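In our numbering, the protein residues as written are 302 to 557. Beta carbons are placed, not taken as given, at the ideal position from N, Cα and C, and that holds for glycine. The structure presented is a predicted model; accordingly, all values stated were derived computationally and were not measured.
This is the structure:
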């Protein structure tokens with residue numbers, strides 16, 4: 302006998318109609334009919350159905366909690382079958398497949414790493430070449446762009462010294478001695494002293510009475526002394542700068 306039939310039989314033994322049960326339990330007639338018919342579609346949520354069954358069972362002399370539990374249990378779906386655990390063994394060909402995948406992945410990683418290293422080396426080499434052969438605003442070949450010593454309008458360069466038209470006791474004297482490749486154009490009192498690519502070991506001296514103007518290709522390799530005092534850094538690597546020097550700026554540009 303299912304629980305719904307047990308409830309109905311207990312009600313009938315007590316001689317109670319559904320209308321009387323509705324008044325006693327304050328449960329609607331429609332809901333009592335659904336309870337006795339096991340009509341799950343008409344029943345409310347389980348928490349409310351449990352309360353209705355407890356009230357019904359109490360009025361007909363049945364144990365409320367047990368009856369409610371048995372009634373609701375019939376609507377609980379059976380547990381799904383648990384699939385057997387997967388075998389821990391790997392198919393005979395599985396290890397070979399895994400090894401092949403790992404080998405392929407390792408090969409791809411090596412190729413990518415080699416490509417990255419190669420690209421980095423190429424970029425560094427190109428950057429070094431650019432520093433050596435490129436000068437801002439002028440052709441880059443020393444032999445093609447650097448004016449011959451006899452063409453320099455100020456002083457002579459054969460001795461490594463270029464003088465402005467001013468006297469030898471001019472108030473500005475700069476000695477340029479780069480630590481690496483550096484394109485430099487020097488103008489003394491409005492006249493170009495030289496414009497060429499210098500390298501480590503080169504040394505140029507320029508004198509001016511009033512003003513010096515320098516166009517510097519790579520401040521990182523540009524080194525100088527001004528009126529005998531070591532010069533400070535004039536810019537960031539590979540960023541060309543124009544440096545204008547007069548007597549008022551000497552203190553800004555040198556270390557005393």
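Shown here, residue 494 sits in a strand according to DSSP, grouped into three states. For residue 532, the pairing in a beta bridge is given by DSSP as 555. Boundaries of the beta strand (DSSP E) harbouring residue 546: 542-547, taken from the DSSP string. Of all alpha-carbon atoms in 378, 416 and 307, the one lying nearest the alpha-carbon of residue 363 is that of 307. For the pair residue 355 and residue 369, the CB atoms are nearer than the 8 Å cut-off. Just measuring C-alpha positions, the residue of 422, 476 and 534 sitting nearest residue 522 is 534. By the Cβ criterion, the segment 535-547 is in contact with the segment 504-515, since at least three pairs of Cβ atoms, one from each stretch, lie closer than 8 Å. Shown here, residue 507 sits in a strand according to DSSP, grouped into three states.
Residue 488 sits in a strand when the DSSP states are folded into three classes. Assignment of residue 308 by DSSP, reduced to helix, strand and coil, places it in the helix class. Collapsing the DSSP output to three states places residue 371 in a helix.
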